[in-house]
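**Q**
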Amino acid sequence: MSLALYNTLSRKKEPFTPLDAERVTMYVCGPTVYNRVHIGNARPAVVFDTLYRVLLSLYPNVQYARNITDIDDKIMRTAAELGEDISVLSQRYAQAYFEDMAALNNLEPTITPYATQHIPEMIDMIERLIAKGHSYVAEGNVLFAVQSMDDYGKLSGRALDDMLAGARVEVASYKKYAGDFVLWKPSADNEPGWDSPWGRGRPGWHLECSAMIEKHLGETIDIHGGGQDLIFPHHENEIAQSCCAHDGKPFANYWLHNGFINIEGEKMSKSLGNFRMVNELLEEYPGEVLRYVILSAHYRSEQQFSKELLDSAWRSLDGLYGFLRGHEPATAIINQDSAGYKALLDDLNTPMAISELYRLAKEMHAANGAGNVDLESKLKAELMGLAGLMGLLQQDSEQWFTLARGGDAISAEDIEELIEKRKQAKTDKDYAGADQVRKDLLDLGVVLEDSREGTTWRRS
RNA sequence: GGCGCGGUAGCAAAGUGGUAAUGCAGUGGACUGCAACUCCGCGAUCGUCGGUUCGAUUCCGACCCGCGCCUCCA
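In terms of the working numbering, the first sequence opens at residue 13 and continues consecutively.
1. Just to confirm the assignment: which complete beta strand (DSSP E) runs, minimum length 3, are found wholly within the segment 320-350?
2. Would Asn-202 be called buried (16 or more neighbouring beta carbons within 10 Å of its own) or exposed?
3. In chain order, what residues of the same chain lie with their CB nearer than 7 angstroms to the CB of Ala-365, ignoring the 5 residues before and after it?
4. Rounded C-beta distance between Thr-20 and Leu-268? I'm assuming under 8 angstroms.
5. Mind pulling the alpha helix (DSSP H) runs of 4 or more residues that sit fully within the segment 138-204?
6. Here's a check: name, in chain order, each residue in its chain whose Cβ is nearer than 8 angstroms to the Cβ of Leu-242, leaving out the five neighbours to either side.
7. For Arg-230, does the three-state DSSP call read helix, strand or coil?
8. In the DSSP output, which residue or residues are listed as bridge partners for Thr-278?
9. Cα separation between Glu-368 and Pro-125?
10. In the DSSP assignment, find the unbroken alpha helix (DSSP H) run with Tyr-64 in it and report its ends.
11. Once you ignore the five residues that flank Tyr-186 on each side, which residues in its own chain have a CB closer than 8 angstroms to its CB?
12. Quick test of your reading: His-228 and Ile-123, contact by CB under 8 angstroms. State the CB separation rounded to the nearest angstrom.
13. Using the C-alpha atoms, what's the distance from His-218 back to Trp-326?
14. By DSSP, does Glu-250 sit in helix, in strand, or in coil?
15. Can you give the beta carbon distance from Tyr-333 to Val-59, rounded, assuming they're within the 8 angstroms contact cut?
16. Express the C-alpha separation of Leu-405 and Glu-250 in angstroms, rounding to a whole number.
17. Which stretch, first to last residue, makes up the beta strand (DSSP E) that contains Arg-303?
18. With Trp-267 as the anchor, note down where its alpha helix (DSSP H) starts and where it stops.
19. On the criterion of 16 or more Cβ atoms from any shown chain inside 10 Å, does Lys-392 qualify as buried, or is it exposed?
20. Give me the Cα-Cα distance between Gly-466 and Leu-31, rounded to the nearest whole angstrom.
21. Have a look at the DSSP bridge pairing and note the partners of Ala-16.
22. How far does the beta strand (DSSP E) with Trp-469 in it reach, from first residue to last?
23. Between the segment 132-147 and the segment 102-117, can you find at least three pairs of beta-carbon atoms closer than 8 angstroms?
24. Please state the DSSP three-state secondary structure of Val-45.
25. Which stretch, first to last residue, makes up the beta strand (DSSP E) that contains Tyr-39?
26. What is the rounded straight-line gap between the Cα of Tyr-164 and the Cα of Ser-281?
27. Return the residue from the list Thr-37, Leu-456, Tyr-46 that minimises the CA-CA distance to Ile-225.
28. Look at the alpha carbon of Lys-319 and the alpha carbon of Ser-102, and state the distance between them as a whole number of angstroms.
29. With a threshold of 7 angstroms on Cβ separation, who are the neighbours of Gly-145 within its own chain once the five nearest residues in sequence on each side are excluded?
30. Using 7 angstroms as the threshold, is the C-beta distance between Arg-48 and Asn-291 below it?
31. What does the alpha-carbon distance come out to for the pair Leu-460 and Val-449?
32. How would you call Val-100, buried or exposed, if buried means at least 16 neighbouring beta carbons within 10 angstroms?
33. Do Arg-470 and Gly-457 have their CB atoms nearer than 7 angstroms?
34. Residue range of the beta strand (DSSP E) that Tyr-76 falls in?
35. Which word fits Thr-439, buried or exposed, when buried means at least 16 other C-beta atoms lie within 10 angstroms of its C-beta?
Take a look at the structure:
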């Protein structure tokens, strides 16, 4: 039993073998911080966080880096509009990103490198690329010469000429070849910039990842992840920079890419105005609901996203937490032989693993009904172990049902008070009065559940 | 034009060469003073047409439909 991952490089599922089983390295492209992030940014974070958790269950040391791009033209434009320094803007949104990601139960990566803190490393890499004949200076720009690399395009599977044939963007005059991309570009006096051998300027987008990976993880890493749209040009160019700087040494052995999210059946895009920002969704839904939706589809698939799905996911989690409610706590244990764990090892089949969550929960519930305490706690431990690998069921079940669910909800105290009133009514055989309390609370989104032990309540 | 992906029940979504998991919704019943929870039961022949095969939703081909990327969008 071992981990298998679909590798974009080979377009096949492959057994995962790290270079060093004692130290596994993974890098995932993080956000450009000029705004709040949307749900599409959350997908890779959740997917690769899940992979990180799985890797942690297999290897003693997993180095997971996710960068913050804090220098970029969009950042510069937004900062200029707001009349503030780019560092102020980027720090604000980086912080917001961390908060959003934490709300989605994402663990903190091992390393969070910032582009602007690696300017010297980037300049150093450019100098090496120039020295090795892979880059040239033109009008203050430093460009990477893609033709200097034999297998440029191997990740995206395209030939150079094919790429250029349908290019939609005009070619800058200083490029020797249309496919060449910028490593360093000059900054105007009123633009942020850093001194370099080629004058004051700023790095091209792709360079930061190559430089930061080299510094923090090494010349060759095990896993590199990101959204599908990054395959070309971003990851292709990272490969070009790193491989050429390292004399052809492999850059990343496994390339993983998550699919896109569709909103109400269509692509999420600015022009359609249907962006879903994570923080806005979090005002209406617990982060775990968003996470559940993301993990309910396989990471490589295109994924549907809608209010109906969020509501459905919330009810689904209610079901799971409902099974947990009233069961004694148990320490999470990963059952390595379980179908759920194997599903995760099989290219992160989270939909399958989630279905196992339900099977375990039902079996646990049945064991409880049969009075088999040992089996019950064993199954609960396994359930929590599997859920933990996905970052799900991380809340206390009692709290899950009693926390306010948006809007101005009735307070827990008031609910308890009404339940007492109803109890008295029932004692007095005033069932009409008791039913009225039930109905009133239901109108406020509170469901009452009577049992031998008394009345419990939950928000729905 | 080039490269690539997908079409499975109302909504989502796995999966398999031997007649298709799971969740939500719906629905019938048990339980309940009523209800909720829970439990038992009910629904798809897998885009279309061919081919290979004893047998295909699963392999191959064509077609239809939807979609992504082609220089800075997760």
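Each residue gets a CB set at the ideal place from its N, CA and C atoms; glycine is no exception.
**A** A quick look at the data gives this:
1. Correct list: empty.
2. Translated into positions along the first sequence, residue 202 becomes position 190. That one is exposed.
3. Position 353 of the first sequence, counted from the first residue, corresponds to residue 365. Once the five neighbours on either side are set aside, the close Cβ partners of Ala-365 are Gly-352, Ala-355, Leu-356, Leu-398, Met-402.
4. Here residue 20 is taken as the residue at index 8 of the first sequence, counted from 1. Here residue 268 is taken as the residue at index 256 of the first sequence, counted from 1. In this structure Thr-20 touches Leu-268 by the C-beta definition: roughly 7 angstroms separates them, less than 8 angstroms.
5. Listed in chain order, the complete alpha helix (DSSP H) runs (minimum 4 residues) inside the segment 138-204 are 172-177.
6. Locating residue 242 in the first sequence gives position 230, counting from the first residue. In the same chain as Leu-242, and ignoring 5 residues on each side of it, the C-beta atoms closer than 8 angstroms to its own belong to Cys-41, His-269, in chain order.
7. Here residue 230 refers to the residue found at position 218 of the first sequence. Sequence check: residue 230 is Gly here, not Arg. DSSP places Gly-230 in coil when its eight states are reduced to three.
8. Within the first sequence, numbered from 1, the residue matching residue 278 stands at position 266. Just to set this straight, residue 278 is Glu in the shown sequence, not Thr. Note: Glu-278 sits in a beta bridge opposite Ile-275.
9. In the first sequence, the residue the question calls residue 368 occupies position 356. In the first sequence, the residue the question calls residue 125 occupies position 113. A straight line joining the alpha-carbon of Glu-368 with that of Pro-125 spans about 36 angstroms.
10. If you number the first sequence from 1, residue 64 lands on position 52. Per DSSP, Tyr-64 belongs to the alpha helix (DSSP H) from 51-70.
11. By 1-based counting over the first sequence, the position of residue 186 is 174. Cβ neighbours of Tyr-186 beyond the five flanking positions: Ala-150, Glu-151, Asn-153, Leu-155.
12. Within the first sequence, numbered from 1, the residue matching residue 228 stands at position 216. Within the first sequence, numbered from 1, the residue matching residue 123 stands at position 111. With a Cβ gap of about 5 angstroms, His-228 and Ile-123 count as contacting.
13. Counting from one through the first sequence, the residue named residue 326 turns up at place 314. Counting from one through the first sequence, the residue named residue 218 turns up at place 206. Their Cα atoms are separated by approximately 38 angstroms.
14. As a first step, residue 250 is located in the first sequence; it is residue number 238 there, counting from the start. In the structure shown, Glu-250 adopts helical secondary structure according to DSSP, grouped into three states.
15. Residue numbering aside, residue 333 sits at position 321 when the first sequence is read from its first letter. Residue numbering aside, residue 59 sits at position 47 when the first sequence is read from its first letter. Contact doesn't hold; Cβ gap of about 23 angstroms is too wide.
16. As a first step, residue 250 must be located in the first sequence, where it is residue number 238. As a first step, residue 405 must be located in the first sequence, where it is residue number 393. In a straight line, the C-alpha of Glu-250 is about 37 angstroms away from that of Leu-405.
17. The residue you call residue 303 lines up with position 291 of the first sequence. Per DSSP, Arg-303 lies in no beta strand (DSSP E); the unbroken alpha helix (DSSP H) holding it starts and ends at 299-307.
18. Position 255 of the first sequence, counting from 1, holds the residue named residue 267. For Trp-267, there is no enclosing alpha helix (DSSP H); the residue is part of the beta strand (DSSP E) that begins and ends at 264-270.
19. As a working note, residue 392 is residue 380 in the first sequence. With 16 or more other Cβ atoms within 10 Å, it is buried.
20. On the first sequence, position 454 is the one that residue 466 refers to. On the first sequence, position 19 is the one that residue 31 refers to. About 58 angstroms.
21. Position 4 of the first sequence, counting from 1, holds the residue named residue 16. DSSP lists Pro-27, Asp-358 as partners of Ala-16.
22. Residue 469 sits at position 457 when you count from the first residue of the first sequence. According to the DSSP assignment, Trp-469 belongs to the beta strand (DSSP E) that extends over 466-471.
23. Between the segment 102-117 and the segment 132-147, the count of C-beta pairs closer than 8 angstroms stays below three; the two stretches do not touch.
24. Sequence index remark: in the first sequence, residue 45 carries index 33 (1-based). The answer is coil: DSSP assigns Val-45 none of H, G, I, E or B.
25. Taking the first sequence and counting its residues from 1, the one referred to as residue 39 is at position 27. 36-40 is the span of the beta strand (DSSP E), which, as asked, contains Tyr-39.
26. Counting from 1 along the first sequence, the entry for residue 164 is found at position 152. Counting from 1 along the first sequence, the entry for residue 281 is found at position 269. Roughly 30 angstroms separates the two Cα atoms.
27. The residue you call residue 225 lines up with position 213 of the first sequence. Distances from the CA of Ile-225 to each of Thr-37, Leu-456, Tyr-46 were compared; the closest alpha carbon is that of Thr-37.
28. As a position in the first sequence, residue 319 is number 307, starting the count at 1. As a position in the first sequence, residue 102 is number 90, starting the count at 1. As the crow flies, the alpha-carbon of Lys-319 is around 30 angstroms from that of Ser-102.
29. Numbered from its first residue, the first sequence carries residue 145 at position 133. Result list for Gly-145: Ser-160, in chain order.
30. Working through the first sequence from its first residue, we reach residue 48 at position 36. Working through the first sequence from its first residue, we reach residue 291 at position 279. Inclusion of Arg-48 and Asn-291 in the CB contact set at 7 angstroms is warranted, their separation being smaller than that value.
31. The residue given as residue 460 occupies position 448 in the first sequence. The residue given as residue 449 occupies position 437 in the first sequence. Taking the straight line from one Cα to the other gives about 10 angstroms.
32. Position 88 of the first sequence, counting from 1, holds the residue named residue 100. Label assigned to Val-100: exposed.
33. If you number the first sequence from 1, residue 470 lands on position 458. If you number the first sequence from 1, residue 457 lands on position 445. Not closer than 7 angstroms, so no.
34. Stepping through the first sequence from its first residue, residue 76 is reached at position 64. Annotation: the continuous beta strand (DSSP E) that includes Tyr-76 extends over 74-78.
35. The count along the first sequence starts at 1 and reaches residue 439 at position 427. Flag for Thr-439 reads exposed.
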